[in-house]
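Residues in the sequence shown are numbered consecutively from 8, following this note's numbering. The beta-carbon is built from N, C-alpha and C at its ideal position, and this holds for glycine as well. Here the structure is a predicted model, which means the values were calculated and not measured. Below is one structure, written out as structure tokens; the observations come after it.
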Amino acid sequence: MKASSRFLSAFLVLALMLSCSAFASGTGTTAVKEKAGQEGTGEEGSGEELSAGVDSTTELFLSLTEGTSKSLAFPLTEEHAALAEKAGADKVTWILHRLAPYANPADGNFIPLHGEEKMYPNEKETIDFATIRFNDANEYGQAFSMERFETTLDGSTLKLDFTTTPVNNGFNDSIPHESGGRFLDICGEFTLTAELDGVTLASLENVTIKPYASFHTMWEMFDEIERLAGEGDDDGATPRPYVEYGVMGKTCLGYDMPYLIVARDSAAVKKWLDLSERAEETGTAVIEELQKAGDDDYQVPVLYSNVHANEVAAADAVLEFARQLIEEPSTTYMKLTGFTEEGKAKLEQQRKEMGLYTPKLIEGQCNYLGSIWSNIMMDSGVVDGFGSYYTYEKTTVNVADLLNDVFFILVPEENVDARMHYTRNSANGLNLNRDNSFQVMPETQNMQHLIGTYDPVTFLELHGLLETFQLEPAIPPHQPNFEYDMIARNQMAGGEAFGAAAVANNPLYQSYVLEMRDYMYYDEDGTPFWLNGGNDYHTIFTPTYAMLHGCVGYTAELPAYSETTRAAADYGLWGLADYVAANKESCFANLAEVYDRGIENRNSDAEVGPWLVDAHDRVGAEAEIFRPAHTGEGENGQFFPECYLIPLDAENQTNLQAAFEMIGYLIRNDVKVSIADSPVTADGKTLPAGAAVVSMYQAKRSVANAALYREPLITSWETMSNGASGSFNYIRGFDMVTCVKPAEYSAIADALGRTITYDTLQPFLQENAVSQFTGEEGGDVIISNASESSTAAVNALLGAGKQVAMITEGEYKGDFICSYEDWQSVSADHILTGTGVKDPDLTAYVIEKTPKVYISGTKEALTPAPDGYVYNTLVTTSSDYNNERIAMELMGFGTTEDVAMADAVVGGCGLEEESLAAVQTGVPYVGFTANAVETIQESLLPGLQTGSADGVDCLGYVTYPAETLVNASYIMDGDDVFYAVGTDYFTALPEGSKILVQRDGSRDPLEGVFHGEDESTDAFLNGIMGFSYEGKDKDGNEVNITLFANSMTESGHQRDEYAFISNALFASFLTDTPYVTTAATTGSN
8 MKASSRFLSA
18 FLVLALMLSC
28 SAFASGTGTT
38 AVKEKAGQEG
48 TGEEGSGEEL
58 SAGVDSTTEL
68 FLSLTEGTSK
78 SLAFPLTEEH
88 AALAEKAGAD
98 KVTWILHRLA
108 PYANPADGNF
118 IPLHGEEKMY
128 PNEKETIDFA
138 TIRFNDANEY
148 GQAFSMERFE
158 TTLDGSTLKL
168 DFTTTPVNNG
178 FNDSIPHESG
188 GRFLDICGEF
198 TLTAELDGVT
208 LASLENVTIK
218 PYASFHTMWE
228 MFDEIERLAG
238 EGDDDGATPR
248 PYVEYGVMGK
258 TCLGYDMPYL
268 IVARDSAAVK
278 KWLDLSERAE
288 ETGTAVIEEL
298 QKAGDDDYQV
308 PVLYSNVHAN
318 EVAAADAVLE
328 FARQLIEEPS
338 TTYMKLTGFT
348 EEGKAKLEQQ
358 RKEMGLYTPK
368 LIEGQCNYLG
378 SIWSNIMMDS
388 GVVDGFGSYY
398 TYEKTTVNVA
408 DLLNDVFFIL
418 VPEENVDARM
428 HYTRNSANGL
438 NLNRDNSFQV
448 MPETQNMQHL
458 IGTYDPVTFL
468 ELHGLLETFQ
478 LEPAIPPHQP
488 NFEYDMIARN
498 QMAGGEAFGA
508 AAVANNPLYQ
518 SYVLEMRDYM
528 YYDEDGTPFW
538 LNGGNDYHTI
548 FTPTYAMLHG
558 CVGYTAELPA
568 YSETTRAAAD
578 YGLWGLADYV
588 AANKESCFAN
598 LAEVYDRGIE
608 NRNSDAEVGP
618 WLVDAHDRVG
628 AEAEIFRPAH
638 TGEGENGQFF
648 PECYLIPLDA
658 ENQTNLQAAF
668 EMIGYLIRND
678 VKVSIADSPV
688 TADGKTLPAG
698 AAVVSMYQAK
708 RSVANAALYR
718 EPLITSWETM
728 SNGASGSFNY
738 IRGFDMVTCV
748 KPAEYSAIAD
758 ALGRTITYDT
768 LQPFLQENAV
778 SQFTGEEGGD
788 VIISNASESS
798 TAAVNALLGA
808 GKQVAMITEG
818 EYKGDFICSY
828 EDWQSVSADH
838 ILTGTGVKDP
848 DLTAYVIEKT
858 PKVYISGTKE
868 ALTPAPDGYV
878 YNTLVTTSSD
888 YNNERIAMEL
898 MGFGTTEDVA
908 MADAVVGGCG
918 LEEESLAAVQ
928 TGVPYVGFTA
938 NAVETIQESL
948 LPGLQTGSAD
958 GVDCLGYVTY
968 PAETLVNASY
978 IMDGDDVFYA
988 VGTDYFTALP
998 EGSKILVQRD
1008 GSRDPLEGVF
1018 HGEDESTDAF
1028 LNGIMGFSYE
1038 GKDKDGNEVN
1048 ITLFANSMTE
1058 SGHQRDEYAF
1068 ISNALFASFL
1078 TDTPYVTTAA
1088 TTGSN
């Protein structure tokens, strides 16, 4: 739709709504109103004309997302007027001169990601005003540009008349949904000058160009958050609320991650922390105590945030909500209360025509207010007849009254580094909203610790961009660790409160969808089916991970990034807050019930099981798949086990580093971890005192179990997605024992000693998360090849010129050996398992050096962007490169940006021309994923053939047909489980290849997602996953290639496969020089 017709339609609807008293009064930012001349919820494209003469007080504001018409009159001197008349007014050029950096920090101080001198090197210093332009990178929609631009001379007055068109993404007037902040190159503060033949005729000093009026850079956000924190006080008798400025931690780059707490007073926050802590200990007993005492004077926390910084209006909405909450005593919004008869008929007709089906488990729970759509695609837009479909009332929320029932934790931007760069991903190139389960990044670690500390009852994270104005809870709720029946008691109603308030209080986006309610259809045969499946099966998203704590979590997807959607989102936040305040007792009671179940490790399968529906909404049909019970002899008969045991001694723990990291992960997420004071036994395995015990008899059992349980094998959903497996013990590679028998747990409980808390975690780790050494001192040390820490230690020794060898035969095959003295030089810096030996009888060969690695895709990843943030490509579209970069850093391999300086090439990207040429000269190559495989097929080994199953990922058993140094450490450790994201496999290999890893089709896979079962699935489950080849390529070049079909470094989480990469690299640089033991060197025995 053209912008003009869209605005006309919007004005007609707005007029109708106003005539029906159905449009709320605006509560937009006062400063914005004064500067932009429009309401915070004002119409896009409603810019006023300035008819008065321009002087030093005149301000001109231009929004990239609003069409603006202006008429500016500049008085000229006689001399300048004569000059303009002689040359002709059409010869005057209008130039914008930047007054100060905008995207770049004004003082020039920032933390560079890759040594850049400026984040935005193409920030325009001068702009030809007549030709100013910004458009969607894909050329969708229309550009922000001048639709009309005319200069005239009226006596001694120079007039400029212009009209801008807003940037449009093909659907809505919006900043494009892309990364890199290209729009910032033309944003900021400017002086506008009229120039003719080198003479400045006139100027306007106060010109501001922004994406929309309430837009903030991260620098401005820092300042505004700090300013707002100073606006509050702790005096409950004053109208001002209590405001606390907090920093939850540091980002990847090292910036603070700020948040605000807004409450009635500090006592309200302290009381909640006490109540929630007591609830974690006694469950619903806290509720009973409050009721018995008649105490309803408590406040429950509500959390609002944003995590994808390129979804710019989302963060601005949270910040503006904070400002309104702190500075305005009340907010008024229009609240939809029901349907008119016309509205009821329209809703029924529309849902019937679209073939929509309401899932059984939410029948009767939905009010559907705000869910009459403008078209059958459910796109949010102007709904003709909106005001005649609903009944409504004006609702005023008094902030003081609101804060008697709730308080707020407001995180305008979790992804601080990314708001600097306007990227979706963090500075490390990982998507934080896919990292909450794994918490590889400091940002997600900090955010989830904040959630675990404050236990919000409701959490909404603002996102974009979906034209439907979509609100989740996602469909269907297949995460088995949720106590979903409890969460659902408030989730639908709260979601509808947000959605209805958002769409009823803006003129352009007048409908929304609620996934669970609106994405189920009837097929041709009248059978219901989900349009897509299981967005919340995995807890990688911030709100879904928070639901493990019992929090009611939402994701809201804005339909555009503009002032209108910012304001709509704020009304939605007010609507949800209003709902929680009115239902605080049930919100707290439901949370306490979740805790109660955990504290007792109560079997809730009967309550949760029905929510585990199949693709056709058969209630409870997949409960046994997603939430299988332990039903063996003596077992507890439910989904949750009794506890998990994590050995922390080298004799029973292969990977000490990963085990201790798991302890830290759990405690950071508010899980209780105890240490056994005496030996404990479960599942036939006895562990010594000092083992970690993660009991399921605790409030946060769902958080613990989600990380430690073995996820299911899913084959029944055609569209089920998954981020990457949890199953930490397999994916990170540590040993663990699961206890499912109450009798065994009873004995374990008796052996429990101290419980590690967040406050005592660091002292515990400093004392215990250290290298463990057994055997004889003074000779040589065998370093177990068990973790990225052991690899990093070997690289540190090699980098220091020390002698390190790889053992090539016997029970220690694949491990490393060095002198005791050299062991001592690295053991304090790494968590290692070392076995001291003197004059051992073993075969080992010296590793030549720590190889310098070139990561495939480096050249493209580090190519500067032509506009916007200079390293946008590195952050945004280089996920494989970043996965490998993180892996190389963790394993201590040095990397180079120049393939000519590389000793080896590693990566999941396809080989570039230069790296391919290096491989053809014999440089060792370790590749993985389809992109790498395709390069090898096309350029080097045409006999290589592959197949693919329709799936997402798989964790399963494997065999090692050819024992080599690449897989030896796995064979020696008895590790026959292999994980990968991707379901490709090799069907034919070049002659002379050695099969390193092959799926074991005789055993069922442990977990994974397949979209059905067919011959390709069976082929994959018996398929070759990895091989090595040393021989001639198609052109006769000698090559050294190790290749895997799927991921090996996914998201920084998949680490148990790292050693295949490091082993291949070390094996490629193994010399013919036998290792000389310390005893042989010194002549001692």
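In angstroms with no decimal places, state the Cα-to-Cα distance between residue i and residue j.
i, j, result
"Asp766", "Tyr716", "26 Å"
"Phe741", "Glu335", "53 Å"
"Lys367", "Leu410", "36 Å"
"Val447", "His1060", "7 Å"
"Asp787", "Met813", "13 Å"
"Leu1077", "Tyr852", "6 Å"
"Glu360", "Lys353", "10 Å"
"Thr234", "Ala209", "Correcting the residue type first, residue 234 is Arg in the shown sequence and not Thr. Straight-line Cα distance between these residues: approximately 36 Å."
"Ser32", "Gly582", "Unreliable positioning characterises Ser32 in this predicted model, as indicated by a pLDDT of 32, which lies under 50. The coordinate reading is nonetheless provided below. Each residue's alpha carbon lies about 15 Å from the other."
"Phe1093", "Glu795", "The structure shown has nothing for residue 1093, since the chain only spans 8 to 1092."
"Pro265", "Ile232", "8 Å"
"Leu343", "Val520", "16 Å"
First and last residue of the beta strand (DSSP E) that includes residue i?
i, result
"Leu694", "Lys692 to Leu694"
"Trp101", "Thr100 to Arg105"
"Gly914", "Ala911 to Gly914"
"Tyr461", "Not the beta strand (DSSP E): Tyr461 falls in the alpha helix (DSSP H), residues Pro449 to Tyr461."
"Gly74", "Here Gly74 belongs to no beta strand (DSSP E), and DSSP marks it neither H nor E."
Using the DSSP secondary-structure output, state which residues sit across from residue i in a beta bridge.
i, result
"Glu400", "Lys342"
"Cys650", "Ser702 and Cys746"
"Asp991", "Ser955"
Please report the residue range of the alpha helix (DSSP H) in which residue i lies.
i, result
"Pro749", "Pro749 to Asp757"
"Val882", "Asn879 to Thr883"
"Leu598", "Lys591 to Ile606"
"Asn890", "Ser886 to Met898"
Please state whether DSSP places residue i in a helix, a strand or coil.
i, result
"Cys558", "coil"
"Pro1081", "strand"
"Thr857", "coil"
"Val250", "strand"
"Asn775", "helix"
"Ala1087", "helix"
"Ser28", "The pLDDT assigned to Ser28 is 32, lower than 50, so where the model puts this residue is not dependable; a value taken from the coordinates is nonetheless given after this. Residue state, collapsed to three classes: coil."
"Leu368", "helix"
"Ser381", "coil"
"Lys1001", "strand"
"Phe476", "coil"
"Ser955", "strand"
"Asn440", "helix"
"Leu410", "coil"
"Ile670", "helix"
"Met1094", "Only positions 8 to 1092 of the chain appear in the structure, and residue 1094 is not among them; the question remains open."
"Pro949", "coil"
"Ala689", "strand"
"His1099", "Residue coverage of the chain in this structure runs from 8 to 1092, which leaves residue 1099 outside it and unanswerable."
"Ala425", "helix"
"Tyr519", "coil"
"Glu618", "This sequence places Trp at residue 618; Glu is not what is there. Correct three-state label for Trp618: helix."
Mind reading off the beta-carbon distance from residue i to residue j? Whole number of angstroms is fine, and I expect it under 8 Å.
i, j, result
"Gly195", "Arg105", "6 Å"
"Thr745", "Lys679", "17 Å between Cβ atoms; not a contact."
"Ala956", "Ser1058", "Incorrect: roughly 21 Å between the Cβ atoms, too far for contact."
"Val973", "Ser1035", "6 Å"
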